[in-house]
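S.K.: For reference, each letter of the sequence shown is one residue, going 19 to 156 in the working numbering. My questions will all concern the structure given below.
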Amino acid sequence: MGDLFVWLVSFLILIALLIIVVYQLMCLADLEFDYINPYDSSARINKMILPEFFTQGALCLFFLMTGHWFMSLFSVPYLYYNVRMYRDKQHLIDVTEIFNMLNWEKKQRLIKLSYLIVTLFLSLFWMIYSALEDDEDL
Numbered sequence: 019m020g021d022l023f024v025w026l027v028s029f030l031i032l033i034a035l036l037i038i039v040v041y042q043l044m045c046l047a048d049l050e051f052d053y054i055n056p057y058d059s060s061a062r063i064n065k066m067i068l069p070e071f072f073t074q075g076a077l078c079l080f081f082l083m084t085g086h087w088f089m090s091l092f093s094v095p096y097l098y099y100n101v102r103m104y105r106d107k108q109h110l111i112d113v114t115e116i117f118n119m120l121n122w123e124k125k126q127r128l129i130k131l132s133y134l135i136v137t138l139f140l141s142l143f144w145m146i147y148s149a150l151e152d153d154e155d156l
């Protein structure tokens with residue numbers, strides 16, 4: 019039962035990460051179609067970057083502390099990318115360069131989104147597997 023709870027918590031954390039990345043993509047799409055000005059778009063995206071980084075780091079640490087080594091190792095490349103971006107001070111969007119970097123920023127978030135979807139499906143698989151395994155024990 020405890021393993022099922024761990025997978026449920028990781029599933030909810032992954033949903034929160036997906037919402038953050040989709041929100042960033044929506045802000046970039048609104049900017050591309052000229053529904054929002056560059057200052058507001060970059061301010062909204064920049065507000066969501068550090069919560070995304072901390073949430074993903076907490077998820078990787080959560081997998082590590084609960085003994086799910088495969089999922090922890092699967093989360094390490096995304097965590098490394100975030101740490102590298104933060105260390106190189108490239109994690110925030112510059113309002114003056116947002117139009118020049120728009121395609122790159124969208125591609126970057128689409129790759130993050132696809133990575134998170136794969137992680138979500140893996141987490142969902144293990145959650146169902148542990149629920150069925152708990153059911154067999156009864």
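We treat Cβ as the ideally placed atom computed from N, Cα and C, and that holds for glycine. As the structure is a computational prediction, the values presented were derived from the model and not from experiment.
DSSP state of I111, grouped into three classes?
M.R.: I111 falls in the coil class under three-state DSSP.
S.K.: Have a look at V101 and E70 and give me their C-alpha separation to the nearest angstrom.
M.R.: Taking the straight line joining both Cα atoms gives about 12 angstroms.
S.K.: I believe L46 touches K124 by the beta-carbon criterion, under 8 angstroms. Please report the beta-carbon distance rounded to the nearest angstrom.
M.R.: Rounded, the Cβ-Cβ distance is 5 angstroms, consistent with contact.
S.K.: Between the region 141-155 and the region 102-114, do three or more beta carbon pairs fall short of 8 angstroms?
M.R.: No, they do not touch.
S.K.: On a Cα-Cα basis, can you pick out the residue from L22, A61, Y53 and E154 that is closest to H86?
M.R.: The residue with the shortest Cα to Cα distance from H86 is L22.
S.K.: Is the beta carbon of Q74 closer than 9 angstroms to that of Y41?
M.R.: No, the Cβ-Cβ distance between Y41 and Q74 is not below 9 angstroms.
S.K.: Could you tell me the alpha carbon to alpha carbon distance between R127 and L82, rounded to whole angstroms?
M.R.: Answer to the nearest angstrom: the Cα atoms are 25 angstroms apart.
S.K.: Under DSSP, the alpha helix (DSSP H) around Y104 begins and ends at which residues?
M.R.: Note, Y104: alpha helix (DSSP H), W87 to R105.
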